[in-house]
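J.: Below is a structure I'd like to ask you about.
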Amino acid sequence: MPFHPNFHAGEKAAMPDEAPSNSIDVFTLLRKSRLCDALTDDQVRHVAEHVELQPFKAGEQLGSSGEEVTHLFILADGQIKASTRNAKGQEILVAYMNPGDHAGDVPLLESSPRPVDLTALADGNLLRLSAASFHSLIDAYPRMLRNLFRTLGARFKEFAGVLKRGIPSPVLGIVGIFPSGNTLCQRLIARLAADGERLTIWSNDPERLKLDSECPRPRRLDEPAVAEIERFRHDRSAELERHVMVLIADSWSNVDPRWMRLTNEMLWLVSPPDESIANECWREFTRAAAESADLTRLVWLLGPSDQVAPRSESWRSSRREVKVPIETDGNSMSLRERQGLDRLVRALKGYSLGLALAGGGARGLAHLGVLHAFDEAGITFDIMAGTSCGAMAGITYAAGMPTDAAVEAFGRDLKPSRWFRALPKGQNWYLLTQFRRGNWDGMLRRYLHDWRLEQLPTPFLTLTVDLISAREVVRDRGDAAHAILESINLPGISRPIMRDGMALVDGGVLNNLPADVLSNRGADFIVGVDVTSRLRHELGGNRRDTPPDRVKAVGTVDTLLRVFETQAHGLGNIRSRAVDFWISPDTAAFDFADFTRAREIAAAGESATQQVLPQLRVQLAELQRKLRSR
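Here it is as structure tokens:
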């Protein structure tokens with residue numbers, strides 16, 4: 001991309017009231033930047049003489065981590081994403097750059113490489129200031145240096161959690177059709193207003209967008225509105241201010257989203273029956289406004305009969321989606337509706353809550369009690385991960401199965417027959433038989449059918465281990481029942497599952513508490529539930545104080561199960577640094593294979609969670625406080 005000098009030879013710098021009509025008014029852009037705050041007009045014109053203009057397109061890579069920084073970037077218009085990558089190559093969002101922000105200052109001051117990747121999210125322009133010009137200008141103008149340190153201080157407070165990171169989408173567009181689209185708009189706007197955001201609402205049909213009395217009155221979305229929204233995009237004065245453009249029509253054939261080009265983020269609300277025509281409308285719009293494709297968040301509006309989102313690949317190019325059930329049309333919401341709305345609100349605010357569920361055999365049913373306590377307390381999560389039985393319990397929940405029903409189902413389906421119950425250690429032999437006969441698959445499909453992980457209302461990650469490459473494998477897509485079977489596949493009890501060139505066994509072999517996986521996916525606050533932290537000091541009826549003449553022989557299955565317990569207990573401690581809040585149900589009284597005590601095990605999880613709920617609420621409130629401006 002070529003650079004364009006700000007001024008032609010012989011042309012004087014544009015004054016505030018006489019910007020050339022045939023060029024970008026760099027003086028005004030600089031005047032609005034944080035770096036030039038409180039500088040005189042003559043000083044800003046002097047800075048402008050050193051500026052080069054660089055247009056860019058959506059999707060363009062503007063800077064790479066590790067490279068030498070030769071210029072300070074000031075964002076004139078558009079939007080840029082700053083991100084980095086972890087050791088596994090997974091992208092982690094650091095911040096969004098909006099007009100007036102600048103990047104490259106710290107590397108230029110320290111002569112250090114660029115710490116982040118810079119990617120354009122929308123078409124725009126950069127103002128580039130060379131390293132030599134940057135250093136000479138901050139030497140010449142102490143006020144500019146003061147502005148620079150004020151910005152750096154704000155960044156420090158942001159990363160330290162003192163200051164809100166700012167609204168990632170200050171201009172939010174919402175496109176959908178009546179009636180479910182209208183219902184979601186009403187609920188979403190009411191929630192944002194209740195959270196303290198200053199909202200200006202624009203609608204193509206203000207009379208039909210009936211908002212709560214606490215919400216601002218919607219204004220008509222027309223040409224004058226476009227001019228006002230444009231001014232807001234380039235001159236935002238409040239960190240918690242957001243403009244919401246609502247375009248809801250009676251049918252997709254009546255949707256005209258041309259004004260949505262003004263948005264920083266666009267929600268495309270789709271009900272499963274309308275998927276085909278909604279997708280066609282979206283593709284037609286993004287062909288005309290290509291930069292909007294990467295700014296789109298697909299929102300599936302799941303009706304009362306839609307347990308999961310459609311199995312569709314046509315939308316996957318958007319890469320960002322949220323599932324929000326719409327089962328009623330009033331303000332009183334079901335549990336599923338509230339969970340979906342919570343996920344959408346946090347996505348718009350730019351942070352997420354994660355829940356990691358450890359493995360532990362039958363003790364993993366304690367997770368269902370933990371989840372039930374969270375439901376009763378109104379605490380929801382944006383992304384979950386589980387290993388072994390943590391994956392089994394968690395995926396059924398993520399698919400929308402009520403916790404009480406899941407406890408009853410597992411207790412019933414995994415109850416040994418009378419013949420097994422009559423055998424010594426019959427529950428262990430029954431578990432072995434379930435694996436060897438492949439009975440798990442049929443049991444799980446009664447509840448999960450052929451659903452895929454990417455269809456589940458709550459995003460879920462599972463852990464399994466490939467013995468060929470000797471590495472952990474994270475599943476976030478594919479058959480949900482397969483994901484569970486891979487994660488619970490106990491080596492020695494069952495043969496490795498041969499799939500996709502891998503030999504897959506229980507994820508607890510390497511990672512029994514997958515909190516680090518959630519951290520790698522960008523979760524800001526992670527709750528870890530460890531069901532193996534309190535082990536009973538006993539093996540096959542033997543204790544440390546058992547007299548030598550009463551020591552019993554320990555069978556192979558008992559030994560293998562105890563090895564898994566011991567390994568899970570140790571690995572849980574190793575992986576603990578990614579956890580922000582711990583819940584550790586006391587499951588020591590329950591055997592690894594005893595699923596018949598499902599209700600008691602779940603009750604232990606619920607009790608442990610209720611005991612720590614007050615502390616968890618305090619920490620979540622503190623997180624909210626840190627994410628808000630003071």
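Numbering (the working numbering), first residue to last: 1 to 630.
A virtual CB, placed ideally from N, CA and C, is assigned to each residue, including glycine.
Note that the structure is predicted; figures quoted are calculated from it, not measured.
Enumerate in chain order the residues of its own chain whose CB-to-CB distance from P459 is below 6 Å, with the five nearest sequence positions on each side excluded.
T.: Taken in chain order, the residues that qualify are I383.
J.: Please report the residue range of the beta strand (DSSP E) in which V579 lies.
T.: No beta strand (DSSP E) contains V579, which DSSP labels as neither H nor E.
J.: Drop a sphere of 10 angstroms on the beta-carbon of P273, count the other beta-carbons inside from all chains shown, and report buried for 16 or more, exposed for fewer.
T.: Burial call: exposed.
J.: Could you spell out where the alpha helix (DSSP H) holding Q186 opens and where it closes?
T.: Element bounds for Q186: S180 to A194.
J.: Grouping DSSP H, G and I as helix and E and B as strand, with all else coil, what is E230?
T.: Here E230 sits in helix by DSSP.
J.: Would you kindly check if the distance between the Cβ of P310 and the Cβ of G400 is under 8 Å?
T.: Result no, Cβ atoms of G400 and P310 do not sit closer than 8 Å.
J.: Counting beta carbon pairs with one atom in the segment 470-486 and one in the segment 503-512, are three or more of them shorter than 8 Å?
T.: Flag = yes, the segment 503-512 and the segment 470-486 touch.
J.: Measuring only the C-alpha atoms, how far is V308 from D450?
T.: Cα to Cα, the separation comes out at about 11 Å.
J.: Helix, strand or coil for A589, going by three-state DSSP, please let me know.
T.: Correct three-state label for A589: coil.
J.: Cβ of N182 within 8 Å of Cβ of N520?
T.: Not closer than 8 Å, so no.
J.: Taking S417 as the reference, which of F410, A409 and Q427 has the closest Cα?
T.: Per the Cα distances, Q427.
J.: Three-state secondary structure (DSSP) at K81?
T.: If DSSP states are grouped into helix, strand and coil, K81 belongs with the strands.
J.: Pull up the distance between the alpha-carbon of D123 and that of D256, whole angstroms please.
T.: If you take the alpha carbons of D123 and D256, they lie about 21 Å apart.
J.: By the DSSP assignment, the alpha helix (DSSP H) with P107 in it spans what residues?
T.: Its alpha helix (DSSP H) spans residues D105 to E110.
J.: Evaluate I493 with the Cβ neighbour count: other Cβ atoms within 10 Å of its Cβ, from every protein chain shown; 16 or more gives buried, anything less gives exposed.
T.: Flag for I493 reads buried.
J.: Could you give the distance in angstroms between the alpha-carbon of D222 and the alpha-carbon of A515?
T.: Straight-line Cα distance between these residues: approximately 47 Å.
J.: Apart from the five residues on each side of it in sequence, which residues of its chain come closer than 7 Å, Cβ to Cβ, to R599?
T.: Closer than 7 Å at Cβ, skipping near neighbours: V407 and G411.
J.: If you run the structure through DSSP and keep just helix, strand and coil, what is P491?
T.: DSSP places P491 in strand when its eight states are reduced to three.
J.: DSSP on W451, reduced to helix/strand/coil?
T.: DSSP places W451 in coil when its eight states are reduced to three.
J.: Kindly indicate which three-state DSSP category D545 falls into: helix, strand or coil?
T.: D545 falls in the coil class under three-state DSSP.
J.: Grab me the residues of V517's own chain with a C-beta within less than 6 Å of its C-beta, minus the 5 sequence neighbours each way, in chain order.
T.: Counting only Cβ-Cβ distances below 6 Å, and skipping sequence neighbours, we find A385, L461 and V474.
J.: Can you tell me which of L365, A58, G340 and M266 puts its alpha carbon nearest to the alpha carbon of R597?
T.: It is L365 whose Cα lies nearest to the Cα of R597.
J.: Which term fits D524, buried or exposed, when burial requires 16 or more other beta carbons within 10 angstroms of its beta carbon?
T.: So D524 ends up on the buried side.
J.: May I have the straight-line CA-CA distance separating P168 from L448, to the nearest angstrom?
T.: Computed Cα separation, rounded: 35 Å.
J.: So if DSSP puts I174 in a beta bridge, which residue, or which two residues, is it bridged to?
T.: Paired residues: V246 and L267.
J.: What's the C-alpha gap between M443 and N511?
T.: Roughly 25 Å between the two C-alpha positions.
J.: Taking DSSP as the reference, what is the three-state secondary structure of R343?
T.: In the structure shown, R343 sits in a helix (DSSP, three-state: H, G or I).
J.: Starting from the Cα of H46, find the closest Cα among L137, V94, V116 and W300 and give me that residue.
T.: Here the closest residue by C-alpha is L137.
J.: In terms of residue numbering, what span does the beta strand (DSSP E) encompassing I526 cover?
T.: Looking at the DSSP string, the run of the beta strand (DSSP E) that includes I526 is F525 to V529.
J.: In chain order, what residues of the same chain have a beta carbon less than 7 Å from the beta carbon of I601, not counting five sequence neighbours either side?
T.: The answer, listed in chain order, is A362, R363, L365, A366, T587 and F590.
J.: Around the C-beta of K323, are 16 or more other C-beta atoms found within 10 angstroms, so that it is buried, or is it exposed?
T.: Label assigned to K323: buried.
J.: In three-state DSSP terms, what is T458?
T.: Here T458 sits in coil by DSSP.
J.: Mind checking who F73 pairs with in its DSSP beta bridge?
T.: Note: F73 sits in a beta bridge opposite A103 and R128.
J.: What is the rounded straight-line gap between the Cα of A377 and the Cα of L341?
T.: Spanning the two alpha carbons is a distance of roughly 16 Å.
J.: Tell me the DSSP secondary structure of S203 in three-state form.
T.: Correct three-state label for S203: strand.
J.: Between A288 and Q610, what straight-line distance do the alpha-carbon atoms span, to the nearest angstrom?
T.: So the two alpha carbons sit approximately 53 Å from each other.
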